[in-house]
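This report refers to the structure that appears directly beneath it.
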Amino acid sequence: MNRALPDVRLRVPTDEDAFAWHRIFADPEVMEFHGGKAAELSVYEELTARQRRHDAELGFCLWTLVDAEGEVLGFTGAQPWPREWGPKGKIEIGWRLGRAHWGKGYVTAAALTTLERVRAAGVSDVVAMVRAGNERSIAVTRRVGMELAEVFTHPTTAEPAHCYRLAL
Numbered sequence: 044m045n046r047a048l049p050d051v052r053l054r055v056p057t058d059e060d061a062f063a064w065h066r067i068f069a070d071p072e073v074m075e076f077h078g079g080k081a082a083e084l085s086v087y088e089e090l091t092a093r094q095r096r097h098d099a100e101l102g103f104c105l106w107t108l109v110d111a112e113g114e115v116l117g118f119t120g121a122q123p124w125p126r127e128w129g130p131k132g133k134i135e136i137g138w139r140l141g142r143a144h145w146g147k148g149y150v151t152a153a154a155l156t157t158l159e160r161v162r163a164a165g166v167s168d169v170v171a172m173v174r175a176g177n178e179r180s181i182a183v184t185r186r187v188g189m190e191l192a193e194v195f196t197h198p199t200t201a202e203p204a205h206c207y208r209l210a211l
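Spelled out as C-alpha cells, the structure:
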C-alpha cells in the first residue's frame, strides 16, 4: 500500500462487543462469505467469551477492532483453527469489518498488528483461510506478505477455500 494506514486499536472483546459485532455483521454484504447473515446474538456472546479465554491462555485472540475515536469496526486477530477440515493445528489470522469502513486500510493495519502480537506470543507461522471469490480478503493476505499454499474443498459448500500461509 502506498498510503498511510489508519490508527487502529485492538482490544480483548468485552461482553458489550458481542452486541456490536451482532449489529455490524447483520449486513448481508459483510456476511457474503460467512453464511450470508449474522448469527444469533448468543453465538457472538459465546465467541467473545471464547476470545477472552484465548487471550488469557494463548496471548492472542480475535480482538475487537476500534478506530481512534473508539468506535467498534469489527474484529481482527488470531485463534487456533477451529474446524476438523483445513489446516488443523495451525493458528489462523482473520478479520471481519463493518461495510462503512471497507477500503480505508483498517484491516491491513490491524492484520499487521496481529502478526506482531502473535509473533511476540511465540507463534512461528500463521494461516488465513479465504473463500476463493473473496477478493478483498485475498488482497489483505497479499498486503501482509502471505502466499497461497493450499486449496481445501469447503465441506458444506463444496467451494474452494484458499489457505494462505506466512512464516513469522
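Note that this note's numbering has the sequence shown beginning at 44, numbered continuously upward. Beta carbons are placed, not taken as given, at the ideal position from N, Cα and C, and that holds for glycine.
Backbone secondary structure at residue i - three-state DSSP
i: V86; result: helix
i: W138; result: strand
i: R126; result: coil
i: M48; result: The residue asked about is misnamed: residue 48 is Leu in this sequence, not Met. Looking at L48 - three-state DSSP - the assignment turns out to be coil, as it is neither helix nor strand.
i: E159; result: helix
i: F68; result: coil
i: T199; result: coil
i: V150; result: helix
Cβ neighbours of residue i in the same chain (closer than 6 Å, five flanking residues each side left out)
i: V150; result: W138, L140 and V183
i: V173; result: S180, I181 and H205
i: A210; result: D168
i: D58; result: none
i: R52; result: V109
i: W145; result: none
i: L191; result: H205 and Y207
i: P130; result: W124, V170 and C206
Distance CB(residue i)-CB(residue j) smaller than 8 Å
i: V170; j: R208; result: yes
i: G188; j: P49; result: no
i: R160; j: T107; result: no
i: E135; j: W124; result: yes
Residues that residue i bridges to, as DSSP identifies them
i: L105; result: G120
i: H205; result: V173 and V194
i: D168; result: A210
i: V183; result: Paired residue(s): none; V183 is not in a bridge.
i: V115; result: V109
i: L53; result: L108
Cut-off 8 Å between Cβ atoms - residues of its own chain near residue i, not counting five sequence neighbours on either side
i: L288; result: Only positions 44 to 211 of the chain appear in this structure, which leaves residue 288 out of reach.
Cut-off 7 Å between Cβ atoms - residues of its own chain near residue i, not counting five sequence neighbours on either side
i: G102; result: A164
i: R46; result: G148
i: A154; result: T119, I136, W138, V183 and V187
Inter-residue Cα distance where the pair is residue i and residue j
i: H197; j: P203; result: 6 Å
i: A69; j: E193; result: 31 Å
i: R162; j: T156; result: 10 Å
i: F62; j: L116; result: 12 Å
i: F195; j: G176; result: 14 Å
i: E114; j: E72; result: 20 Å
i: E100; j: K133; result: 16 Å
i: L158; j: A152; result: 10 Å
i: E178; j: R142; result: 15 Å
i: T200; j: A92; result: 28 Å
i: E112; j: I67; result: 17 Å
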